[in-house]
Amino acid sequence: MNFDLILKVAGIGLLVAILAIILTEAGKKDQAQMVTIAGVVVVLYIVIQGLADLFVLVKNVFNLY
Amino acid sequence: MVEIVQIIGLAMVVTVVGAVIKQLKPELALQLSILAGVTIFILVMDKIRLVIDLLQKLAEQANISSYYLFIILKIMGIAYLAEFGCQICRDAGENALATKIEIAAKVFVVILGIPIIVAIMETMMKLLA
């Protein structure tokens, strides 16, 4: 199954959070923001793909349009 | 029945990790919970397919027109999807958006139900005439 996707997202989340904290502590606030935005975009890409899979599956199961 | 164990384990892991991430980056925690929901939904969908196959077989034996069965299936699909989207919006605190999804789902269900309503009305007219 695609449980590894969830673990991937959780890992990205923790990594981005820690990186942002380190960058903020080092006085690079704008770069911390950039890292956060990049993390959100990457995770959003994964989530959207999963969502598309789900919608296709639901469409097939319930004979939607 | 292995799936229920998988789903519960997945939900627990996501809950714990999500609690950690939520303190640091709430936006990523939200996306994590969406992905967990999608995965659980996909797991359940395989089982729903079995139930729907059974329904179709029963409808064939009872000589019910498959046209009406497909309408009911479509309504079920819309309801499932709307519930899913609605819960995600509510999780993120967007109550207004969740309510709008519900309203849209209701409208689509009514539109899909129009043929059934028309059929009932025609039968009534025949009985009355």
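Residue numbers (numbering that gives the first Met the number 0), protein chains in the order written: chain A, 0 to 64; chain B, 0 to 128.
Beta carbons: idealized from backbone N, C-alpha and C, even for Gly.
Asked	Found
Taking the alpha-carbon positions, what's the Leu111 (chain B) to Gly8 (chain B) distance?	38 angstroms
Just to confirm the assignment, what range does the alpha helix (DSSP H) spanning Ala16 (chain A) have?	Phe2 to Glu24
So is Ile87 (chain B) buried or exposed if we call it buried at 16+ other beta carbons inside 10 Å?	buried
Any beta-carbon of chain B closer than 8 angstroms to the one on Thr23 (chain A)?	no
What residues of chain A sit near Met75 (chain B), judged by a beta carbon separation below 9 angstroms?	Phe61
Give the C-beta separation of Val37 (chain B) and Gly49 (chain A) to the nearest angstrom, bearing in mind that I take them to be a contact with Cβ-Cβ under 8 angstroms.	4 angstroms
Would you verify that the beta carbon of Asp52 (chain A) is, or is not, closer than 8 angstroms to some beta carbon of chain B?	yes
Applying the 10 Å Cβ sphere with the 16-neighbour rule, what's the burial state of Lys28 (chain A)?	exposed
Mind checking Gln30 (chain B): buried by the 16 CB within 10 Å criterion, or exposed?	buried
Is there at least one Cβ from chain B nearer than 8 angstroms to Leu4 (chain A)'s Cβ?	yes
Using a Cβ-Cβ cutoff of less than 8 angstroms, which residues in the same chain neighbour Ala10 (chain B) once the five nearest sequence positions on both sides are dropped?	Ala35 and Ile39
CB Leu45 (chain A) to CB Leu4 (chain A), shorter than 8 angstroms?	Before going on, a small fix: residue 45 (chain A) reads as Ile here, not Leu. Yes; because the gap between Cβ atoms is below 8 angstroms, this pair is in contact.
Give the residues of chain A in contact with Arg48 (chain B), contact being defined as C-beta atoms less than 8 angstroms apart.	Val60
Going by beta carbon distance, what residues of the same chain come within less than 8 angstroms of Arg89 (chain B), once the five residues before and after it are set aside?	Ala97
So is Ser32 (chain B) buried or exposed if we call it buried at 16+ other beta carbons inside 10 Å?	buried
Is there a C-beta anywhere in chain A that falls below 8 angstroms from the one on Gln56 (chain B)?	It should be noted that the sequence gives Lys, not Gln, for residue 56 (chain B). Answer no: the Cβ-Cβ gap between Lys56 (chain B) and chain A never drops below 8 angstroms.
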